[in-house]
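**Student:** In the numbering used here, the protein residues as written are 19 to 313. Where is the CB? At the ideal position from N, CA and C, for every residue including glycine. In this text, all values refer to a predicted model and were calculated from it rather than measured experimentally.
1. Could you tell me the distance, in whole angstroms, from the CA atom of residue 174 to the CA atom of residue 71?
2. Could you name the residues of the same chain whose beta carbon sits closer than 7 Å to that of residue 191, not counting the 5 residues immediately before and after it, in chain order?
3. For residue 26, which three-state DSSP category applies?
4. Could you give the first and the last residue of the continuous beta strand (DSSP E) run that contains residue 145?
5. Got a sec? Which residues, its chain only, sit under 6 Å from residue 69 by beta carbon, not counting five neighbours each side?
6. Could you check how far apart the C-beta atoms of residue 20 and residue 35 are, in whole angstroms? I think they sit under 8 Å.
7. From which residue to which residue does the beta strand (DSSP E) around residue 182 run?
8. Name the DSSP bridge partner or partners of residue 158?
9. May I ask which residues mark the beginning and end of the alpha helix (DSSP H) holding residue 91?
10. Residue 177: buried (16+ other C-beta within 10 angstroms of its C-beta) or exposed?
11. Is DSSP giving residue 102 helix, strand or coil here?
12. Name, in chain order, the residues that DSSP records as bridge partners for residue 41.
13. What's the call for residue 263, buried or exposed, on a 16-neighbour Cβ count within 10 Å?
14. Considering residue 172, what are the terminal residues of the beta strand (DSSP E) in which it resides?
15. Which residue wins for smallest C-alpha separation from residue 140, given the options 158, 113, 129, 123?
16. I'd like the list of long-range same chain contacts for residue 246, defined as Cβ closer than 8 Å, with 5 residues on each side in sequence excluded.
17. For residue 75, name the three-state secondary structure that DSSP assigns.
18. For the beta strand (DSSP E) that contains residue 227, what are its first and last residues?
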């Protein structure tokens with residue numbers, strides 16, 4: 019199986035966001051598009067492997083967050099077929115609500131971070147449900163419903179490997195740190211734990227998270243995220259019980275995560291890479307929202 023990791027060099031930071039190029043018997047398939055801001059980097063990576071945009075006829079995305087599917091509309095406009103969770107399909111066809119929602123979070127940094135999100139022609143978007151199989155380029159992908167990070171999340175299974183989006187968390191190459199991306203509004207701890215149980219039971223030989231690169235220690239990754247889904251929400255819960263404000267809670271959470279990273283031997287540059295892949299203030303907001311819904 020020929021799977022190549024494409025580094026989108028997000029905001030000039032290496033190994034923060036990946037796309038995957040899967041070479042099938044009948045041609046290439048792209049998994050994850052990254053945001054519009056990294057489209058040039060993605061095209062350069064494809065060219066490095068001998069491909070150009072016209073060669074890409076099939077694009078699979080795990081979910082519609084901008085770092086995973088922000089450029090999906092561009093690919094659809096070039097004629098590629100885009101396969102996406104049924105809940106997210108309408109937001110690729112008309113991204114205005116998705117863009118407005120993200121703008122409330124990122125404000126005047128939207129264009130710098132994410133570039134442009136173009137609408138996908140409706141006929142170029144295939145809405146996918148749990149356990150649907152997609153046969154493209156001589157390959158068979160299966161969509162696995164994997165909510166927790168977001169309700170519109172699929173893991174794409176290909177044989178005994180899986181393209182996991184954010185479902186198994188974040189871990190950058192050659193680093194021991196596992197991090198949890200818990201953005202608002204759909205982070206759900208209990209649902210995510212159930213997702214991890216199903217993924218672990220599938221006994222994949224390797225995982226391909228979008229942040230970042232192939233992982234072969236599958237059980238370690240899933241077990242580490244399972245523990246973190248206790249530790250991170252509990253840390254935030256304690257701050258809420260102490261009536262700590264959001265503005266004060268964010269640096270406390272950032273330092274808690276950085277202390278974990280430093281204890282594992284990460285450099286400040288490596289910590290920066292993690293935070294580009296997973297802005298920590300978003301997890302504060304997502305976890306706070308989760309606890310308030312639970313009250």
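**Tutor:** Considering the structure as presented:
1. The residue labelled residue 174 in the question sits at position 156 within the chain shown. The residue labelled residue 71 in the question sits at position 53 within the chain shown. In this structure, the CA atom of residue 174 is about 22 Å from the CA atom of residue 71.
2. For the purposes of this step, residue 191 is taken as the residue at position 173 of the chain shown. Apart from sequence neighbours up to five positions away, the residues of its chain that approach residue 191 with a beta-carbon distance below 7 Å are 33, 230, 231, ordered along the chain.
3. The residue you call residue 26 lines up with position 8 of the chain shown. Here residue 26 sits in coil by DSSP.
4. Reading the chain shown from its first residue, position 127 is the one you call residue 145. Start and end: 143-146.
5. Mapped onto the chain shown, residue 69 falls at position 51. So the qualifying residues of the chain are 46.
6. Residue numbering aside, residue 20 sits at position 2 when the chain shown is read from its first letter. Residue numbering aside, residue 35 sits at position 17 when the chain shown is read from its first letter. Not a contact, Cβ separation roughly 21 Å.
7. Counting from 1 along the chain shown, the entry for residue 182 is found at position 164. Its beta strand (DSSP E) spans residues 179-183.
8. Here residue 158 is taken as the residue at index 140 of the chain shown, counted from 1. Assignment of beta-bridge partners to residue 158 by DSSP yields 153.
9. Residue numbering aside, residue 91 sits at position 73 when the chain shown is read from its first letter. Start and end: 90-95.
10. By one-based count along the chain shown, residue 177 stands at place 159. With a 10 Å radius around the Cβ and a threshold of 16 neighbouring Cβ atoms, residue 177 comes out exposed.
11. If you number the chain shown from 1, residue 102 lands on position 84. Note: residue 102 maps to strand in three-state DSSP.
12. As a working mapping, residue 41 is identified with position 23 in the chain shown. Answer is 20, 46.
13. As a first step, residue 263 must be located in the chain shown, where it is residue number 245. Counting C-beta atoms within 10 angstroms of its own C-beta, residue 263 has fewer than 16 neighbours from the protein chains shown and is therefore classed as exposed.
14. Working through the chain shown from its first residue, we reach residue 172 at position 154. For residue 172, the enclosing beta strand (DSSP E) has its first and last residue at 172-176.
15. For the purposes of this step, residue 140 is taken as residue 122 along the chain shown, with counting starting at 1. For residue 140, the closest alpha carbon among the candidates 158, 113, 129, 123 is that of 113.
16. Counting from one through the chain shown, the residue named residue 246 turns up at place 228. By the criterion of a C-beta distance shorter than 8 Å, residue 246 is surrounded in its chain by 187, 196, 197, 198, once the five residues flanking it on both sides are discounted.
17. Numbered from its first residue, the chain shown carries residue 75 at position 57. Coil.
18. The residue labelled residue 227 in the question sits at position 209 within the chain shown. 224-227 is the span of the beta strand (DSSP E), which, as asked, contains residue 227.
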